[in-house]
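Engineer: Below are the structure tokens for one structure; questions will follow.
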Amino acid sequence: MADLRAATLTGGNTTLREAAVEEFKKSLRGEVVLPGDPGYNEARTLWNAMIDKRPALIARCAGVSDVIQSVNFARANNLLVAVRGGGHSVPGNSVCDDGIMIDLSRMKSVRVNPAQRTARAEPGVKWGEFDRETQAFGLATTGGTLTDTGLAGLTLGGGIGWLCRKHGLTVDNLLSVDIVTADGQLQTASAEVNPDLFWGVRGGGGNFGIVTSFQYQLHSVGTVLGGMVLHPLDKAKEALKFLHSFAASVPDEVMLGAALLTSPEGQKALAIIACYNGPISAGERVLRPLRQFGPPMADLINPMPYAALQGMLDAAFPPGRRNYFKGNFMNELGSQAVDTLVTRFAAVPSPLSMLALFQLGGAVGRVDPKATAFSHRDAGYHFVVLSLWDNRADDQKNLRWARETWESMRPFFSDGVYVNEMGDAPESDARVREAYGADTYRRLAALKKRYDPTNLFRLNPNIKPAP
Ligand code: FAD
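Take 30 as the starting number for the sequence shown in the working numbering and just add one per residue.
Given below as structure tokens:
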């Protein structure tokens, strides 16, 4: 091994002496992986194949001590830092060129306390892994809608999933975190200890440090009534209008989603996805209007284990495809919005792409917007353009479609964008402020100044430390 050239936090370069890197290696229980080492390519590869970045070194952490050593090494050498949890950042915030990637993906422990209905998880855990452990006790908390998404990044941004209208966002179920801040200190944050930091990590992304443990409240969740109904594209406008009025009438046990998609047979269609989390007989009654409307060309709603619903969309989002996602919140789904959605989808260049809506409200909307750093409590839907394709040669046309579609939907957006579905990285300051909301941003900037004054953790929807 020779000396290493590495990128600094401020855009310059530095030389890491061979001896210093050797010493760093020895300080870890996990490994340091360098370009050319076995495992380097696997470790730097994210879910989205559009991202192809080459860190100068990757610290594959085995535990909290490794995280502390890595943060101290990065700070002492003024290195550009990327932090990887589950690796699902679509814009690629969890890897960097020439800096240090602090990789948490091997920190996989989950410990469920069935008596207290809580669970502790390390930051390399994915939702499918977490659900497997909690479902052994008939328990769950609000998680993402795919098994492969990392719990860490999803939680820190808010966490939208099928249980959120009943049990709140993932952050609303977060009881405490252990977090290594920029000074290399391990802090606990909860409602009682460091409550300001706890407020910030519930929606403020990875801006305040590296979370090494998440403690969640769990709920009794077993069989749910879930699945989807399908309508042909020429019936999609009526079905979306129906969805909007139906969504306003359903109890918190229901969460609805919609996706304009192309079937494996090549037919464009609208899927309305539903999860009823409660007694199945009551769910049958509540979801009947949805299943009768149209009628749909297929009704795939059935009682199923919660974990089966969580895996239902996995096949449509495998790792290794080229992806661009861009979202915003919406409140109204009026005729013009519906017309725009369907017209734009008719022109989609890739059969893998979708336009999706996820219903919010219920328990999400009953939390005081000031209680957590996720402030968009009045949003009706999370809308997201999901552009997916396979070939590099098709990048420009798919990116163009996604961006133009998002632009054409702009008149129908409400204030705010979900921090975990921003679109590009780095985003403009204006869009970052939109993600947090003006008042929340000011409070977050003051917190950032306290916990990360040099902005060591900047590869995220970044909050600039207050002056
Ligand atoms: P990573 O790429 O590892 O990290 C994402 C960000 O979090 C980076 O900035 C990273 O530095 C930071 N980070 C990661 N771990 C830590 C840590 N321990 N401490 C501090 N910072 C950390 N979101 C939803 O709410 N609901 C969904 O249903 C949902 N579905 C999705 C489906 C797909 C296919 C994809 C690609 C994304 C989906 N998302 C969803 C968005 C998802 O929440 C974000 O992509 C999230 O950032 C993923 O977290 P991760 O740990 O996998 O990502």
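Glycine residues also receive a C-beta, built at the ideal position from the N, C-alpha and C atoms.
Taking VAL371 as part of the beta strand (DSSP E), name the residues at either end of that continuous run.
Structural biologist: Run containing VAL371: none in the beta strand (DSSP E); it sits in the alpha helix (DSSP H), 364-375.
Engineer: If the criterion is Cβ atoms closer than 8 Å, does the pair SER382 and LEU338 meet it?
Structural biologist: No.
Engineer: Is ARG113 near ligand 1 - that is, is its Cβ less than 7 Å away from at least one heavy atom of it?
Structural biologist: Result yes, Cβ under 7 Å from ligand 1.
Engineer: Mind checking whether MET451 and ALA464 have CB atoms under 8 Å apart?
Structural biologist: Yes, Cβ-Cβ distance for MET451 and ALA464 is below 8 Å.
Engineer: Check whether the segment 201-220 and the segment 231-246 touch, using three or more Cβ-Cβ pairs below 8 Å as the test.
Structural biologist: Contact holds: three or more Cβ-Cβ distances are below 8 Å.
Engineer: Looking at the secondary structure, which residues open and close the beta strand (DSSP E) in which LYS355 lies?
Structural biologist: Unbroken beta strand (DSSP E) run through LYS355: 351-359.
Engineer: Buried or exposed: which applies to THR44, given that a residue is buried once 16 or more other Cβ atoms fall within 10 Å of its Cβ?
Structural biologist: So THR44 counts as exposed.
Engineer: Where does the unbroken alpha helix (DSSP H) through ASP132 begin, and where does it stop?
Structural biologist: Note, ASP132: premise wrong, no alpha helix (DSSP H); beta strand (DSSP E) at 129-132.
Engineer: Check the C-beta distance from ASN107 over to THR174 and give it rounded, since I have them as a contact under 8 Å.
Structural biologist: Not quite, the Cβ-Cβ distance comes to about 39 Å (not below 8 Å), so this is no contact.
Engineer: Is any heavy atom in ligand 1 found nearer than 7 Å to the beta carbon of SER118?
Structural biologist: Correct: SER118 has its Cβ closer than 7 Å to ligand 1.
Engineer: Which complete beta strand (DSSP E) runs does the segment 158-241 hold, if anything under 3 residues is left out?
Structural biologist: Listed in chain order, the complete beta strand (DSSP E) runs (minimum 3 residues) inside the segment 158-241 are 203-209, 215-219.
Engineer: Since VAL124 and LEU183 should fall inside the 8 Å C-beta cutoff, what is the C-beta to C-beta distance between them, to a whole number of angstroms?
Structural biologist: Actually they do not touch by this definition, with Cβ atoms about 17 Å apart.
Engineer: Please report how far the alpha carbon of PRO482 lies from the alpha carbon of ILE492, in whole angstroms.
Structural biologist: Going by the C-alpha atoms only, they are around 11 Å apart.
Engineer: Have a look at SER443, PHE374, THR434, ALA422 and flag the residue whose alpha-carbon is nearest the alpha-carbon of GLY499.
Structural biologist: In the structure as shown, the chain begins at 30 and stops at 496. Residue 499 is therefore absent and cannot be evaluated.
Engineer: Closest to PRO380 by CA distance: which of ARG350, LEU198, GLY188, VAL230 is it?
Structural biologist: The shortest Cα separation from PRO380 among ARG350, LEU198, GLY188, VAL230 belongs to ARG350.
Engineer: Tell me the DSSP secondary structure of GLN321 in three-state form.
Structural biologist: GLN321: helix per DSSP, three-state reduction.
Engineer: Note the first and the last residue of the continuous alpha helix (DSSP H) segment covering TRP435.
Structural biologist: Element bounds for TRP435: 424-438.
Engineer: Counting C-beta neighbours from all protein chains within 10 Å, is the total for SER134 16 or more, i.e. buried, or is it exposed?
Structural biologist: With 16 or more other Cβ atoms within 10 Å, it is buried.
Engineer: When you compare each of SER292, LEU109, LEU254 to SER310 by their alpha carbons, which one comes out closest?
Structural biologist: Nearest C-alpha to SER310: LEU254.
Engineer: In three-state terms, what does DSSP make of ARG462?
Structural biologist: Helix.
Engineer: Compute the Euclidean distance between the alpha carbons of ASP281 and ASP407, then round it to the nearest angstrom.
Structural biologist: So the two alpha carbons sit approximately 15 Å from each other.
Engineer: Just verifying my parser: in three-state terms, what is the DSSP assignment at VAL414?
Structural biologist: Residue state, collapsed to three classes: strand.
Engineer: Please report the distance separating the alpha-carbon of ALA474 from that of HIS273.
Structural biologist: ALA474 and HIS273: Cα-Cα distance of roughly 37 Å.
Engineer: Can the beta-carbon of PHE403 be found closer than 8 Å to that of MET359?
Structural biologist: Against a cut-off of 8 Å, the Cβ pair of MET359 and PHE403 comes out as no contact.
Engineer: Cα separation between GLN321 and ALA268?
Structural biologist: Taking the straight line joining both Cα atoms gives about 11 Å.
Engineer: For ALA276 and ASP66, I'd like the C-alpha separation in whole angstroms.
Structural biologist: The alpha-carbon atoms of ALA276 and ASP66 are separated by roughly 52 Å.
Engineer: In whole angstroms, what separates the C-alpha of ASP127 from that of PRO64?
Structural biologist: Straight-line Cα distance between these residues: approximately 10 Å.
Engineer: Would DSSP call VAL446 helix, strand or coil?
Structural biologist: In this structure, VAL446 counts as coil in the three-state DSSP scheme.
Engineer: The alpha helix (DSSP H) that contains ARG83, what's its start and end?
Structural biologist: Note, ARG83: premise wrong, no alpha helix (DSSP H); not H, not E.
Engineer: What is the rounded straight-line gap between the Cα of ASP343 and the Cα of LEU386?
Structural biologist: Answer to the nearest angstrom: the Cα atoms are 17 Å apart.
Engineer: Using only CA atoms, which one of VAL258, LEU290, GLU294 lies nearest to ASN331?
Structural biologist: The shortest C-alpha separation from ASN331 is found at VAL258.
Engineer: Would you say the beta carbon of ILE239 comes nearer than 7 Å to a heavy atom of ligand 1?
Structural biologist: True, at least one ligand heavy atom lies under 7 Å from that Cβ.
Engineer: What does the alpha-carbon distance come out to for the pair ARG487 and CYS90?
Structural biologist: C-alpha separation (whole angstroms): 20 Å.
Engineer: If you run the structure through DSSP and keep just helix, strand and coil, what is ASN101?
Structural biologist: Residue state, collapsed to three classes: helix.
Engineer: Judging by CA-CA distance, which residue of ASP132, HIS196, LEU389 is the nearest neighbour of GLY59?
Structural biologist: Of ASP132, HIS196, LEU389, the residue nearest in Cα terms is ASP132.
Engineer: What is the rounded straight-line gap between the Cα of LYS82 and the Cα of ASP160?
Structural biologist: Their backbone Cα atoms lie some 31 Å apart in a straight line.
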